[in-house]
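Q: Quick note on this note's numbering: the first sequence kicks off at 2 and runs consecutively. Below is the structure I would like to discuss, written out as structure tokens.
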Amino acid sequence: MKRVTSISPATLPIVTPLGKFTARYSEKGLAELEFPGQKTRVALKRGAVERVPAVVQRWHRAAAAALQSIFAGRNPEQLPPLAPAGTPFQKRVWKALRKISPGKTRSYGAIAQAIGKPKAVRAVGGACGANPIPVLIPCHRVLAANGKLGGFSGGLEWKRQLLAREGVKI
DNA sequence: CCCACAAGTCGCT
DNA sequence: AGCGACTTGTGGG
Numbered sequence: 002m003k004r005v006t007s008i009s010p011a012t013l014p015i016v017t018p019l020g021k022f023t024a025r026y027s028e029k030g031l032a033e034l035e036f037p038g039q040k041t042r043v044a045l046k047r048g049a050v051e052r053v054p055a056v057v058q059r060w061h062r063a064a065a066a067a068l069q070s071i072f073a074g075r076n077p078e079q080l081p082p083l084a085p086a087g088t089p090f091q092k093r094v095w096k097a098l099r100k101i102s103p104g105k106t107r108s109y110g111a112i113a114q115a116i117g118k119p120k121a122v123r124a125v126g127g128a129c130g131a132n133p134i135p136v137l138i139p140c141h142r143v144l145a146a147n148g149k150l151g152g153f154s155g156g157l158e159w160k161r162q163l164l165a166r167e168g169v170k171i
């Protein structure tokens with residue numbers, strides 16, 4: 002997956018009970034969300050949050066609230082606009098993922114069928130791995146057909162934890 | 001353009 | 001449980 006590293010208007014932290022996430026916003030909305038403990042995080046200087054555009058601050062509040070909701074196992078009432086960069090195929094997959102509500106799971110094969118490419122099962126896995134906005138785009142709710150976890154780019158522990166918070170037993 | 005790989009799945013042993 | 005065949009999108013050479 003090739004992605005252009007453009008200058009984002011804002012990179013902001015989201016502090017949660019599970020750690021400090023990092024959100025990156027483009028002009029169009031939330032572009033990336035990083036799990037706590039990633040090396041690429043950017044330290045913010047004091048007062049930096051106040052200098053980002055008002056619209057981004059609004060998105061950021063929505064993103065933070067949405068994260069909290071999901072960690073509590075609930076469906077977020079409101080989401081910021083999601084603007085992940087990806088290929089057309091990946092975007093189709095990500096769109097399909099968003100239809101899985103908290104506490105539910107789907108198989109990679111089911112997602113492949115949902116986007117009209119029933120044989121592209123493996124490619125769906127690839128697209129999940131390339132998901133720039135984990136949690137909000139719930140790639141953690143996709144399991145292998147045999148009910149096992151499959152993989153997770155943020156580490157399988159995260160996948161387990163997220164599912165547990167939604168009341169899913171493996 | 002060709003090649004290797006991947007967060008899969010199914011069938012067979 | 002293990003193994004191979006099959007498949008498709010993606011990135012590197």
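Here a beta-carbon is modelled for each residue, glycine too, at the ideal position from N, C-alpha and C.
(1) Quick one: residues in its chain with C-beta nearer than 6 Å to the C-beta of S154, no 5 flanking neighbours on either side, listed in chain order?
(2) In the DSSP assignment, the alpha helix (DSSP H) including A66 goes from what residue to what residue?
(3) If you check the beta carbons only, do L80 and L137 fall under 8 Å apart?
(4) Which residues does DSSP pair with T23 in a beta bridge?
(5) Starting from the Cα of V125, find the closest Cα among K96, N147, K149 and give me that residue.
(6) I'd like the list of long-range same chain contacts for R93, defined as Cβ closer than 7 Å, with 5 residues on each side in sequence excluded.
(7) From which residue to which residue does the alpha helix (DSSP H) around G104 run?
(8) Taking one C-beta from the region 52-63 and one from the region 96-115 each time, how about it: are there three or more such pairs within less than 8 Å?
(9) Taking the straight line between their C-alpha atoms, what separation do you get for K120 and A84?
(10) Where do the N-terminal and C-terminal ends of the alpha helix (DSSP H) with K96 fall, by residue?
(11) Under the rule that 16 or more other beta-carbon atoms within 10 Å means buried, what is G151, buried or exposed?
(12) Taking only three categories from DSSP, how would you classify L83?
(13) Roughly how many whole angstroms lie between the Cα atoms of N132 and A63?
(14) For V53, which residues from the same chain have a beta carbon less than 6 Å from its beta carbon, with the 5 sequence-adjacent residues on both sides left out?
(15) Need the endpoints of the alpha helix (DSSP H) that K149 sits in, please.
(16) Does V143 come out as helix, strand or coil in the three-state DSSP assignment?
A: On the basis of the coordinates in this document:
(1) G130
(2) 55-72
(3) yes
(4) P14, E35
(5) K96
(6) I116
(7) From DSSP, G104 is part of no alpha helix (DSSP H); its letter is neither H nor E.
(8) no
(9) 27 Å
(10) 89-98
(11) buried
(12) strand
(13) 19 Å
(14) A11
(15) Counting along the chain, K149 falls outside any alpha helix (DSSP H), and DSSP gives it neither H nor E.
(16) strand
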